[in-house]
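Trainee: Position in the sequence shown (from 1) plus 16 gives the number in the numbering used here.
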Amino acid sequence: MNLHEFQAKEILNSFGVEIQRGIVATTAAEAVEAAKKLTEDTGTGWHVIKAQVHAGGRGKGGGVKLAKNLQEVEQIAGEIIGMNLITPQTSAEGKKVHQVLITEDVYYPGDSEPEEYYMSVLLDRANGRNMIMYSTEGGMDIEAVAEKTPHLIFKEEIDPAVGLLPFQARTVAFNLGLSGMAFKKMTKFVTALYNAYIKSDSSLFEINPVLKTSDDRIIAVDAKVTLDDSALFRHKDYAALRDEREENPMEVEAKAVGLNYVDLDGNVGCMVNGAGLAMATMDLIKQAGGEPANFLDVGGTADAERVEAAFKIILKDPSVKAILVNIFGGIVRCDRVAQGIVDAYKNMGNIHVPIIVRLQGTNADLAKEIIDSSGLDVQSAIEFQEAADKVQAVMS
Ligand code: GDP
Ligand code: MN
């Protein structure tokens with residue numbers, strides 16, 4: 017589950033990571049109140065207005081702006097709230113901005129040498145370890161750094177059983193070229209950041225930039241946090257941080273009816289029971305020259321109601337040109353699934369794409385008969401390859 021910057025920063029702050037302070041606002045008037053409050057707390061009259069959407073590159077898209085006084089806060093917040101923010105990480109339509117974060121300006125006016133670093137903590141699946149990835153070249157273009165000057169990106173591997181050792185935090189500070197107070201502050205920052213990553217059960221932290229001010233503060237200016245969904249049961253308070261407006265509407269709808277659905281770019285919809293079979297089915301579609309439009313695991317109970325819910329979601333995707341249903345009847349009987357498909361099809365009445373149904377397992381023959389005698393535009397298959405050939409035939 018992805019978080020907004022302001023939520024991510026709250027989590028970091030709760031584990032002692034120094035952050036750029038801010039208050040979230042949903043209207044220009046709230047933004048002005050937030051700025052006044054921040055001035056009381058921090059003394060600075062300059063503020064940054066930051067669009068809160070689940071996408072990076074906001075600065076490049078005009079979603080991060082500096083305001084030198086309250087009039088500017090009001091004006092800029094008014095412009096950003098409600099806009100469709102287009103960044104290198106959003107689709108061409110962009111993302112609607114519902115709220116902004118008003119922050120203290122931590123790049124002090126006249127500060128000639130603010131340093132921006134890059135730092136992330138993530139799971140290195142290949143090594144089964146955690147990793148801190150960092151660079152002196154932080155700011156807005158880390159992708160370009162990774163591509164053109166990969167030697168400027170450092171990696172520190174951490175054994176999860178042992179945890180981050182003090183010398184590793186010092187290595188990070190050293191490689192960033194720090195000394196004196198900044199060195200000490202950076203080791204503290206790295207230690208707190210790693211601790212926050214572990215305790216929050218995150219799978220990704222990305223802080224870009226980490227700022228070093230001229231008076232040697234080390235501050236998280238931006239924060240991207242991805243929480244591990246499978247660990248959310250341990251963090252009841254984090255569940256409320258989900259912002260469904262930022263998620264794919266079809267995935268949200270599927271989740272609500274208990275279907276495991278992931279939207280993809282292709283044109284062949286698939287409905288499968290079991291994640292493994294779903295993966296194999298997607299491979300099969302590719303081999304047959306198609307592109308899967310989705311991953312969909314309907315789970316063990318593929319009854320008429322679930323099949324109908326699944327059809328409805330698949331058919332909401334306008335790029336779907338055919339649907340492949342691939343169900344193995346182990347616990348569930350194939351004839352029941354077949355009847356479910358026929359009932360759902362009749363019930364919906366407006367299915368406009370060919371459907372290929374492959375049912376294998378208990379009562380597969382009976383299931384084929386039910387499909388074949390239904391009089392609907394549904395083709396049946398028992399073998400995997402037979403199904404693939406039929407998909408290919410309807411797509412060409
Ligand atoms: P992103 O573009 O989505 O990654 O958003 P960031 O939070 O990283 O902000 C983009 C850029 O805005 C940063 O790289 C900074 O250069 C700038 N920025 C962020 N906070 C401040 C601030 O307090 N003062 C000033 N002057 N610039 C800031
Ligand atoms: Mn950033």
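We put the beta carbon where it would ideally sit given N, CA and C, even for glycine.
(1) Under 8 Å, with one C-beta from each stretch per pair, do the stretch 32-52 and the stretch 88-104 reach the 3-pair mark?
(2) Return no unless some Cβ of chain C is closer than 8 Å to the Cβ of residue 384.
(3) In angstroms with no decimal places, state the Cα-to-Cα distance between residue 247 and residue 291.
(4) Taking the alpha-carbon of residue 51 as reference, which of 87, 98, 29, 151 has the nearest alpha-carbon?
(5) DSSP on residue 396, reduced to helix/strand/coil?
(6) Per DSSP, what kind of secondary structure is residue 225 in: helix, strand or coil?
(7) Check whether the Cβ atoms of residue 242 and residue 29 sit closer than 8 Å, and answer yes or no.
(8) In angstroms with no decimal places, state the Cα-to-Cα distance between residue 315 and residue 342.
(9) For the candidate residues 392, 348, 345, whose alpha-carbon lies nearest to that of residue 361?
(10) Excluding the 5 residues preceding and the 5 following residue 203 in the sequence, name in chain order all residues of the same chain whose CB lies nearer than 8 Å to its CB.
(11) If we count the other Cβ atoms within 10 Å of its Cβ and call it buried at 16 or more, is residue 111 buried or exposed?
(12) Does the separation of the CB atoms of residue 240 and residue 198 fall below 8 Å?
(13) Since residue 370 contacts residue 395 with CB under 8 Å, what's their CB separation in whole angstroms?
(14) Among residues of its own chain, excluding the 5 on either side of residue 171, which ones have a beta-carbon nearer than 6 Å to its beta-carbon?
(15) Would you mind listing the beta strand (DSSP E) stretches within the stretch 61-146 that are 3+ residues and don't spill past its ends, in chain order?
(16) Just to confirm before moving on: does the CB-CB distance between residue 378 and residue 349 stay below 8 Å?
(17) Going by Cα to Cα distance, which pick from 309, 43, 82, 250 is closest to residue 60?
(18) Does ligand 2 have even one heavy atom less than 7 Å from the beta-carbon of residue 224?
(19) Exposed or buried, which one is residue 141 when buried takes at least 16 other CB atoms within 10 Å?
Mentor: Based on what the coordinates show:
(1) The stretch 32-52 is in contact with the stretch 88-104.
(2) Annotation note: the requested chain C is absent from the structure, which comprises a single protein chain.
(3) Annotation: residue 247 to residue 291 spans about 20 Å, alpha carbon to alpha carbon.
(4) The shortest Cα separation from residue 51 among 87, 98, 29, 151 belongs to 87.
(5) Secondary structure at residue 396: strand, using DSSP grouped into helix, strand and coil.
(6) In this structure, residue 225 counts as strand in the three-state DSSP scheme.
(7) Inclusion of residue 242 and residue 29 in the CB contact set at 8 Å is not warranted, their separation being larger than that value.
(8) The C-alpha of residue 342 is placed about 12 Å away from the C-alpha of residue 315.
(9) Across the set 392, 348, 345, the C-alpha of 392 shows the shortest separation from the C-alpha of residue 361.
(10) Closer than 8 Å at the Cβ level, and outside the excluded window around residue 203, lie 182, 185, 186, 188, 189.
(11) Per the 10 Å Cβ criterion, buried.
(12) In this structure, the beta-carbon distance from residue 240 to residue 198 does not fall below 8 Å.
(13) Residue 395 and residue 370 do touch by the CB rule: their CB atoms are close to 7 Å apart, below 8 Å.
(14) Apart from the 5 residues on each side of it in sequence, residue 171 sits with its Cβ closer than 6 Å to the Cβ of 147, 149 in its chain, given in chain order.
(15) Qualifying beta strand (DSSP E) stretches, in chain order: 63-67, 80-83, 116-120, 131-140.
(16) Between residue 378 and residue 349, the gap from beta carbon to beta carbon is short of 8 Å.
(17) Nearest C-alpha to residue 60: 82.
(18) For ligand 2, at least one heavy atom lies less than 7 Å from the Cβ of residue 224.
(19) Residue 141 should be labelled exposed.
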